[in-house]
Every structure is written in structure tokens, then in C-alpha cells.
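Colleague: I have a structure here, written as C-alpha cells, and I will follow up with some questions on it.
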Amino acid sequence: MPRSNAKTSARRPLLLAAVCFGLLIIAPVCSAQDFPSDEQIRVQAANLPAAILVLKVVPTMNTPSVRAEPAQKLVPPSLPESKAIGPIKILGVRVMPGTRAQLTWRSSAMGFGEVGAPVTVINGKLPGPALCLTGGVHGDELNGIEVVNRILRKLDAKTLAGAVIAVPVVNVGGFQRNSRYLPDRRDLNRYFPGNPRGSAASRLAHGFFQSVILGCDYLVDFHTGSFERSNLPQVRGNLRIREVLEFTRNFGATTVLHSVGSHGMLRTAAVEAGIPAVTFELGAPTRLEQKEIDFGVRAVETLMSKLRMSSSLKVWAQPQPVLYRATWLRTNQSGLLISKVNLGDKVQSGQPLGTVRDPLSGAESVILATLPGKVIGLALNQQVMPGYAVYHLGVESSEAEVMLSALKPRLLSRGAADVEPANSMEDPDPDEDEDVSDVDAER
Numbered sequence: 063m064p065r066s067n068a069k070t071s072a073r074r075p076l077l078l079a080a081v082c083f084g085l086l087i088i089a090p091v092c093s094a095q096d097f098p099s100d101e102q103i104r105v106q107a108a109n110l111p112a113a114i115l116v117l118k119v120v121p122t123m124n125t126p127s128v129r130a131e132p133a134q135k136l137v138p139p140s141l142p143e144s145k146a147i148g149p150i151k152i153l154g155v156r157v158m159p160g161t162r163a164q165l166t167w168r169s170s171a172m173g174f175g176e177v178g179a180p181v182t183v184i185n186g187k188l189p190g191p192a193l194c195l196t197g198g199v200h201g202d203e204l205n206g207i208e209v210v211n212r213i214l215r216k217l218d219a220k221t222l223a224g225a226v227i228a229v230p231v232v233n234v235g236g237f238q239r240n241s242r243y244l245p246d247r248r249d250l251n252r253y254f255p256g257n258p259r260g261s262a263a264s265r266l267a268h269g270f271f272q273s274v275i276l277g278c279d280y281l282v283d284f285h286t287g288s289f290e291r292s293n294l295p296q297v298r299g300n301l302r303i304r305e306v307l308e309f310t311r312n313f314g315a316t317t318v319l320h321s322v323g324s325h326g327m328l329r330t331a332a333v334e335a336g337i338p339a340v341t342f343e344l345g346a347p348t349r350l351e352q353k354e355i356d357f358g359v360r361a362v363e364t365l366m367s368k369l370r371m372s373s374s375l376k377v378w379a380q381p382q383p384v385l386y387r388a389t390w391l392r393t394n395q396s397g398l399l400i401s402k403v404n405l406g407d408k409v410q411s412g413q414p415l416g417t418v419r420d421p422l423s424g425a426e427s428v429i430l431a432t433l434p435g436k437v438i439g440l441a442l443n444q445q446v447m448p449g450y451a452v453y454h455l456g457v458e459s460s461e462a463e464v465m466l467s468a469l470k471p472r473l474l475s476r477g478a479a480d481v482e483p484a485n486s487m488e489d490p491d492p493d494e495d496e497d498v499s500d501v502d503a504e505r
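The working numbering puts the first residue of the sequence shown at 63, with every later residue one more than the last.
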């Protein structure tokens with residue numbers, strides 16, 4: 063037999079002994095790690111919490127879904143039946159009769175770090191309508207913000223009939239930057255009632271409209287003049303709608319203007335949803351004006367008295383609202399505007415209202431009143447361009463005359479739908495018909 067085979071034969075007993083010894087050592091370990099029997103599995107499963115048993119079918123934060131689920135549907139506010147007393151359900155909170163709640167409205171479309179909009183809900187102990195007060199839709203319009211806050215400080219839920227839902231600052235991002243616009247440079251008051259799948263502005267508008275505005279029986283939306291213009295305190299609404307006309311009768315001796323409004327405005331969207339709504343214009347942007355603020359507070363207190371929400375009655379020198387037919391006068395040249403009249407002044411046809419001087423060429427033009435009336439809006443002294451709206455003249459009229467003018471049909475030539483006569487009651491208002499070039503098709 064060769065040497066190699068002899069060595070192999072000699073090692074076989076040793077290898078066999080080593081294998082047997084290893085099996086003796088490993089066997090207990092294998093036995094300890096055997097899978098449990100079917101009976102053991104059933105016993106263990108019976109003792110597990112239910113949440114663990116369904117982990118395979120319920121996705122967790124670390125388990126991605128196969129497809130995205132639709133966003134949770136916004137819940138409109140729920141109010142008690144008309145002339146009844148009950149809780150108000152809004153923003154996930156129940157506000158009981160005779161109590162006040164300080165809530166916050168937030169939207170996922172808000173910018174990073176942006177705080178929510180404060181929402182104060184006062185549910186009166188007595189039955190009555192739900193009045194909504196909004197300010198700061200344009201973040202640089204401060205007078206309305208202060209009016210809403212002063213009204214809130216005066217109200218007592220124990221004596222209030224109905225409810226007040228107030229949002230002093232809707233456009234928080236604009237307010238924080240002292241800007242008319244949202245952080246993306248869009249005008250929030252051109253996007254209501256909004257679209258949950260549209261632009262950031264449209265999503266904001268949709269969330270606010272669904273979560274807050276749909277709980278209103280009436281709406282007063284506070285504004286000021288735009289772009290360094292100032293407005294005499296005035297209520298604007300679509301007087302072709304009977305409920306809106308009746309609503310405007312409740313603000314004491316406040317100027318009332320017929321204005322259909324632009325698509326996307328908060329009051330326009332509210333009216334389309336069946337809520338009587340008006341815009342309340344007060345003064346100029348970027349400043350607090352005591353006289354205008356006091357007027358606004360007095361007008362809202364009169365409104366609440368007329369709606370029988372409060373027992374206080376404000377006495378006005380003129381008990382009825384003053385209705386006006388109005389038109390805007392515009393510049394024909396660029397330059398520096400120097401006014402000779404003030405808000406509230408009565409003027410005659412042909413009277414000089416102001417001049418525009420070009421400091422480069424020396425050219426000068428005088429702006430003349432085209433009709434006798436009252437200055438209910440004007441541009442503050444500033445640099446202007448041709449076509450800039452500088453003076454808003456109103457002619458006092460009876461309710462019958464205003465209604466006849468509002469309801470009178472006008473036949474325009476083909477292709478001239480955007481053209482308004484200079485003396486029309488619906489002469490385009492710069493505060494409401496501002497050109498917005500970045501409005502997307504989705505809104």
C-alpha cells in the first residue's frame with residue numbers, strides 16, 4: 063500500500079471521533095433554537111397586543127403607503143339652528159353658549175415659520191345671527207385690524223345675542239412684512255373661494271373660506287384704499303341683491319356704494335355662497351387713523367344693534383345711510399400730484415381738485431371735477447403715471463335712484479365688455495379691479 067493511503071487510513075478514526083465530539087457539543091444549541099410548534103405559536107399570538115398583530119396591514123410612519131391618500135376634507139363650521147341656542151363647532155372646537163374662545167387657523171400652504179391667524183369666537187348666551195368680521199386680508203391695511211380688535215374688547219358673551227366670529231388679521235404673512243400681498247406676491251383677495259389643488263394663494267383662500275367663512279350669516283370685510291390712496295369710510299356691496307341691500311341699511315349714516323365686486327374677492331365669494339357680505343373701506347394703508355377707526359367701531363356697533371345682537375344704540379346725526387353714484391377721475395400725464403382738496407370736501411363741476419407737475423419738463427396739468435359731488439376717495443400726494451386714479455367723486459342719491467341705476471341693463475358693443483362709461487356707477491375701482499399679472503389658470 064502506498065504511504066499516502068496508509069496515512070489516510072490512519073487518520074480516519076481520529077476524524078470520526080472529532081465529528082462525533084462536535085455533534086455532542088452543537089446538539090443542545092440547535093435544540094434550543096428550534097422553531098416553536100404550532101401550539102406555541104397560537105399561545106403567543108393570543109397574548110400579543112392587537113396593534114402588533116395588524117402591523118402587516120396598517121402602514122406606520124416608517125412604512126410607506128403604496129399610493130397617496132386624499133387630504134382630509136375640511137369641515138365647515140357648524141352653528142345652531144336659526145333663533146336657537148347651542149354650541150358652535152369651528153376649527154375642531156365646541157364653543158358653548160355664553161363663552162368666548164381664542165382659536166388659531168392654520169394652513170399647510172402658509173410659509174415656513176408663519177404663525178396662524180387668530181380667530182376669536184364669541185357665542186352669545188342669547189339666540190341670534192352669526193356675524194363675521196375680517197381684517198388684514200391685505201396685510202398693510204391696518205385700520206380694519208384695529209376696528210375688529212376694539213369691537214372684540216367691548217363684547218360680552220353673557221349679553222350677546224347670536225355670535226361674532228372675528229379674524230383681525232387674515233393675511234398674517236403680509237401683515238408681518240407690512241405688505242399688501244402674500245409671501246408669493248399674490249393678492250389673496252383675488253382667489254376666494256379658492257381651490258385645494260391650486261396655487262398657494264388659492265389653497266389658503268380655500269382653507270379659510272371652508273373652515274371659517276361658511277359659518278357666517280353676515281360678513282363685513284374691512285379694507286383701506288390701495289397704493290397710497292385714502293377712502294372716506296364707506297360700505298360697498300352689490301345692491302342688485304336684495305339681502306345685501308337690506309344689510310347695507312344697518313350701518314348708520316355711512317356712505318354706501320353699489321359695487322358688484324371682482325371675481326375672487328372675499329365678499330363676492332361669500333355672496334355667491336348665500337352670505338350677505340360687504341366691504342367696509344376706511345382710510346389709507348400702512349397707518350392707523352384714529353378718526354376712521356372710531357367711525358368704523360361706531361358703524362359696527364350700530365349694525366349689531368340693528369341686527370338685535372346688542373342693546374346699545376348709537377345715535378347718528380343722519381339716521382339713514384347716504385347712498386352715492388360715483389366715478390373716478392384719472393391723470394393724463396405723469397409727474398408729482400399736489401392736491402387742493404381733502405376727503406369729505408364738497409366740490410362743484412369744473413372746480414380744480416389738484417395739479418400734476420412734471421419736474422423734468424415743467425409740464426403741468428390741472429385736474430377738474432367733472433360733476434358736483436363729494437370727495438369720497440383720493441390719492442395722497444405722490445408721483446403718478448398717466449391713467450392713475452386720483453379722485454373718487456360721489457353724488458348723493460336716493461335709494462330708488464341708486465337701485466334704478468344698478469338694475470338698468472347696459473348694451474355694450476361687441477368686444478367692448480371691459481369698457482365702462484366715465485359716469486357709470488360701476489366705473490372700475492382701483493381698490494377692487496387691480497391688474498394682477500401672476501394669477502395662474504388654476505386660481
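Cβ coordinates follow ideal geometry from the N, Cα and C atoms, glycine included.
As the structure is a prediction and not an experimental result, all values here were calculated from the model.
Below 8 Å on the Cβ atoms is my guess for I438 versus N293; work out the distance and round it to an integer in Å.
Modeller: For the purposes of this step, residue 438 is taken as residue 376 along the sequence shown, with counting starting at 1. For the purposes of this step, residue 293 is taken as residue 231 along the sequence shown, with counting starting at 1. About 7 Å; that satisfies the 8 Å criterion.
Colleague: Under 8 Å, with one C-beta from each stretch per pair, do the segment 336–355 and the segment 274–288 reach the 3-pair mark?
Modeller: yes
Colleague: Taking just the CA atoms, how far does L430 sit from V409?
Modeller: Within the sequence shown, the letter at position 347 stands for residue 409. Within the sequence shown, the letter at position 368 stands for residue 430. Going from the Cα of V409 to the Cα of L430 covers about 10 Å.
Colleague: Within the chosen definition, does the segment 326–340 reach the segment 172–192 through at least 3 CB pairs nearer than 8 Å?
Modeller: The segment 326–340 makes no contact with the segment 172–192, as fewer than three CB pairs between them are under 8 Å.
Colleague: Is there contact here, the segment 296–306 with the segment 226–246, by at least three beta-carbon pairs under 8 Å?
Modeller: no
Colleague: If we ignore side chains and look at the alpha-carbon of each, how far apart do K353 and R329 end up?
Modeller: Within the sequence shown, residue 353 is the residue found at index 291, counting from 1. Within the sequence shown, residue 329 is the residue found at index 267, counting from 1. Whole-angstrom Cα-Cα distance: 25 Å.
Colleague: Measure the Cβ-Cβ separation of K402 and G424 and say whether it is below 8 Å.
Modeller: Taking the sequence shown and counting its residues from 1, the one referred to as residue 402 is at position 340. Taking the sequence shown and counting its residues from 1, the one referred to as residue 424 is at position 362. For K402 and G424, no; Cβs fall outside 8 Å.
Colleague: Taking only runs of the alpha helix (DSSP H) that begin and end inside the segment 207–256, which ones reach a length of at least 4 residues, in chain order?
Modeller: 234–238
Colleague: Taking only runs of the beta strand (DSSP E) that begin and end inside the segment 389–476, which ones reach a length of at least 3 residues, in chain order?
Modeller: 397–401, 414–419, 426–430, 435–441, 451–459
Colleague: In its own chain, which residues sit with a C-beta less than 7 Å from the C-beta of I184, not counting the 5 before and 5 after it?
Modeller: Sequence index remark: in the sequence shown, residue 184 carries index 122 (1-based). Here the set comprises R162, L217, A219, L222, A225, V226.
Colleague: Less than 8 Å separating the beta-carbons of P492 and W390?
Modeller: Residue mapping note: residue 492 aligns to position 430 of the sequence shown, counting from 1. Residue mapping note: residue 390 aligns to position 328 of the sequence shown, counting from 1. A contact, by the Cβ cut-off of 8 Å.
Colleague: Note down the Cα distance separating A179 from L422, rounded to an integer number of angstroms.
Modeller: As a first step, residue 179 must be located in the sequence shown, where it is residue number 117. As a first step, residue 422 must be located in the sequence shown, where it is residue number 360. Computed Cα separation, rounded: 46 Å.
Colleague: So V306 and L385 are supposed to be a Cβ contact under 8 Å. How far apart are they, rounded?
Modeller: Taking the sequence shown and counting its residues from 1, the one referred to as residue 306 is at position 244. Taking the sequence shown and counting its residues from 1, the one referred to as residue 385 is at position 323. Contact doesn't hold; Cβ gap of about 13 Å is too wide.
Colleague: What does the alpha-carbon distance come out to for the pair G277 and F270?
Modeller: Residue mapping note: residue 277 aligns to position 215 of the sequence shown, counting from 1. Residue mapping note: residue 270 aligns to position 208 of the sequence shown, counting from 1. Rounded to the nearest angstrom, the two C-alpha atoms are 11 Å apart.
Colleague: What are the start and end residues of the beta strand (DSSP E) that includes F342?
Modeller: By one-based count along the sequence shown, residue 342 stands at place 280. 339–345 is the span of the beta strand (DSSP E), which, as asked, contains F342.
Colleague: For T393, is the classification buried or exposed, using 16 other Cβ atoms within 10 angstroms of its Cβ as the cut-off for buried?
Modeller: By 1-based counting over the sequence shown, the position of residue 393 is 331. Around the Cβ of T393, a 10 Å sphere holds 16 or more other Cβ atoms; the residue is buried.
Colleague: My output table needs one value for T317: the three-state DSSP class, helix, strand or coil.
Modeller: For the purposes of this step, residue 317 is identified with residue 255 of the sequence shown, where counting begins at 1. Three-state result, T317: strand.
Colleague: Over what stretch of residues does the beta strand (DSSP E) that includes R291 continue unbroken?
Modeller: Indexing the sequence shown from 1 puts residue 291 at position 229. R291 -> beta strand (DSSP E) spans 291–299.
Colleague: Can you grab the Cα-Cα spacing for the pair L442 / L365, in whole Å?
Modeller: Along the sequence shown, one-based indexing puts residue 442 at 380. Along the sequence shown, one-based indexing puts residue 365 at 303. Approximately 30 Å, taken between the alpha carbons.
Colleague: So what does DSSP say about D493, is it helix, strand or coil?
Modeller: Translated into the one-based positions of the sequence shown, residue 493 becomes position 431. In this structure, D493 counts as coil in the three-state DSSP scheme.
Colleague: Measure the C-alpha to C-alpha separation of V210 and F313 and round it to an integer number of angstroms.
Modeller: Your numbering for residue 210 matches position 148 in the sequence shown. Your numbering for residue 313 matches position 251 in the sequence shown. If I take the Cα positions, the gap works out to 15 Å.
Colleague: Return yes when the Cβ of R387 is within less than 8 Å of the Cβ of G456, no when it is not.
Modeller: Here residue 456 refers to the residue found at position 394 of the sequence shown. Here residue 387 refers to the residue found at position 325 of the sequence shown. In contact: G456 and R387 (Cβ atoms closer than 8 Å).
Colleague: Return the chain-ordered list of same chain residues with a C-beta closer than 8 Å to the C-beta of Q445, the five sequence neighbours on each side being excluded.
Modeller: Walking along the sequence shown from the start, residue 445 turns up at place 383. Around Q445: S396, G397, L398, L399.
Colleague: Between M327 and N251, which are expected to be in contact by the criterion C-beta below 8 Å, what is the C-beta distance as a whole number of angstroms?
Modeller: Taking the first residue of the sequence shown as position 1, residue 327 is located at position 265. Taking the first residue of the sequence shown as position 1, residue 251 is located at position 189. So it is a contact: roughly 5 Å between Cβ atoms.
Colleague: The alpha helix (DSSP H) that contains Q272, what's its start and end?
Modeller: Counted from its first residue, the sequence shown places residue 272 at position 210. Element bounds for Q272: 262–273.
Colleague: Roughly how many angstroms lie between the CA atoms of P255 and D279, to the nearest whole one?
Modeller: Numbered from 1 along the sequence shown, position 193 holds the residue referred to as residue 255. Numbered from 1 along the sequence shown, position 217 holds the residue referred to as residue 279. Taking the straight line joining both Cα atoms gives about 16 Å.
Colleague: Less than 8 Å between the CB atoms is what I'm expecting for M447 and L193, so what's the real figure, rounded?
Modeller: Position 385 of the sequence shown holds residue 447. Position 131 of the sequence shown holds residue 193. Actually they are not in contact, since the Cβ atoms of M447 and L193 sit about 40 Å apart, beyond 8 Å.
Colleague: In this structure, does DSSP put A379 in helix, strand or coil?
Modeller: Looking up residue 379 in the sequence shown gives position 317. Three-state result, A379: coil.
Colleague: T286 lies in the beta strand (DSSP E); which residues open and close that run?
Modeller: Counting from one through the sequence shown, the residue named residue 286 turns up at place 224. No beta strand (DSSP E) contains T286, which DSSP labels as neither H nor E.
Colleague: Identify which residue in L153, K376, L369, R242 has its Cα closest to the Cα of F309.
Modeller: Walking along the sequence shown from the start, residue 309 turns up at place 247. Of L153, K376, L369, R242, the residue nearest in Cα terms is L369.
Colleague: Beta-carbon within less than 8 Å of R212's beta-carbon, same chain only, minus the 5 sequence neighbours each way: which residues are those?
Modeller: As a working note, residue 212 is residue 150 in the sequence shown. Cβ neighbours of R212 beyond the five flanking positions: I355, V359.
Colleague: Could you have a look at G186 and say whether DSSP puts it in helix, strand or coil?
Modeller: Taking the first residue of the sequence shown as position 1, residue 186 is located at position 124. In this structure, G186 counts as coil in the three-state DSSP scheme.
Colleague: Answer yes or no: do Q380 and A315 have a C-beta to C-beta separation smaller than 8 Å?
Modeller: Translated into positions along the sequence shown, residue 380 becomes position 318. Translated into positions along the sequence shown, residue 315 becomes position 253. Yes. Within cutoff.
Colleague: Out of V181, A361, D420, D202, point me to the one whose CA is closest to P139's CA.
Modeller: Working through the sequence shown from its first residue, we reach residue 139 at position 77. For P139, the nearest C-alpha among the options comes from V181.
Colleague: When you compare each of T166, L214, S169 to E363 by their alpha carbons, which one comes out closest?
Modeller: Within the sequence shown, numbered from 1, the residue matching residue 363 stands at position 301. Looking at the Cα atoms, L214 is the closest of the given residues.
Colleague: Rounded to a whole number of angstroms, what is the C-alpha to C-alpha distance between E426 and V452?
Modeller: As a position in the sequence shown, residue 426 is number 364, starting the count at 1. As a position in the sequence shown, residue 452 is number 390, starting the count at 1. C-alpha separation (whole angstroms): 16 Å.
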